[in-house]
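Trainee: Quick note, the sequence shown lines up with residues 50 to 169 if you use the working numbering.
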Amino acid sequence: LAEAGVWKSEAHVVYVVESGLFSSLPMDSTLEIIYSVLHKEGEEILESARKKAETAGIPLTTHLCQGHVGSQIVSKAKELGADLIVLGSYGKSGVDRLLLGSATDYVVRNSPVTTMVVRS
Numbered sequence: 050l051a052e053a054g055v056w057k058s059e060a061h062v063v064y065v066v067e068s069g070l071f072s073s074l075p076m077d078s079t080l081e082i083i084y085s086v087l088h089k090e091g092e093e094i095l096e097s098a099r100k101k102a103e104t105a106g107i108p109l110t111t112h113l114c115q116g117h118v119g120s121q122i123v124s125k126a127k128e129l130g131a132d133l134i135v136l137g138s139y140g141k142s143g144v145d146r147l148l149l150g151s152a153t154d155y156v157v158r159n160s161p162v163t164t165m166v167v168r169s
């Protein structure tokens, strides 16, 4: 959001529920519940971003997607005609770091626009 504020531009926040996490398991009610929880978490994070943007006076649109994180971000950037992609890099470990790392790597390698990775 800080970049959008500096350039006085509109921001889009994209939250992607990674659908490949459980792709080898049969889809049953347990997985539906898990994905429901992940979608709810995404909605809460997007709502938090909306509030921060509103406080800062930054026009913001949020997007909740499901799929491969990297490809969804690149696809959404192309769809929106984005000028810049900003990704957060968190000090996570284990599977979280592997997923974030691979998603970040995918976006950096496949993005049609400049991509900035910032530490949180």
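Idealized CB from N, CA, C, for every residue including glycine.
Computed from a prediction, not measured in an experiment: that's the story for all the values here.
When DSSP builds the beta bridges, which residues end up paired with His61?
Mentor: Looking at the DSSP output, His61 shares a beta bridge with Thr110.
Trainee: What residue from Val156, Ser151, Lys100 and Gly106 has the CA that sits closest to Lys57's CA?
Mentor: Closest option to Lys57, Cα to Cα, is Gly106.
Trainee: Would Ser68 and Val123 be called neighbours here (beta carbons separated by less than 8 Å)?
Mentor: no
Trainee: Take Val162 as the anchor and find which of Leu129, Lys89 and Thr110 has the nearest alpha-carbon.
Mentor: Leu129
Trainee: Looking at the strands, I want to know which residues DSSP matches up with Gly137.
Mentor: Val167
Trainee: Please state whether DSSP places Gly150 in a helix, a strand or coil.
Mentor: helix
Trainee: Whose C-alpha, out of Leu87, Ser138 and Arg158, is nearest the C-alpha of Met168?
Mentor: The sequence given here has Arg at residue 168, not Met. When each option's Cα is compared against that of Arg168, the closest is Ser138.
Trainee: According to DSSP, is Val162 helix, strand or coil?
Mentor: coil
Trainee: To the nearest whole angstrom, what separates the beta carbons of Thr153 and Leu136, a pair I think is in contact under 8 Å?
Mentor: Indeed they touch by this definition, with Cβ atoms about 6 Å apart.
Trainee: Is Gly130 helix, strand or coil when you go by DSSP?
Mentor: Coil at Gly130, not helix or strand.
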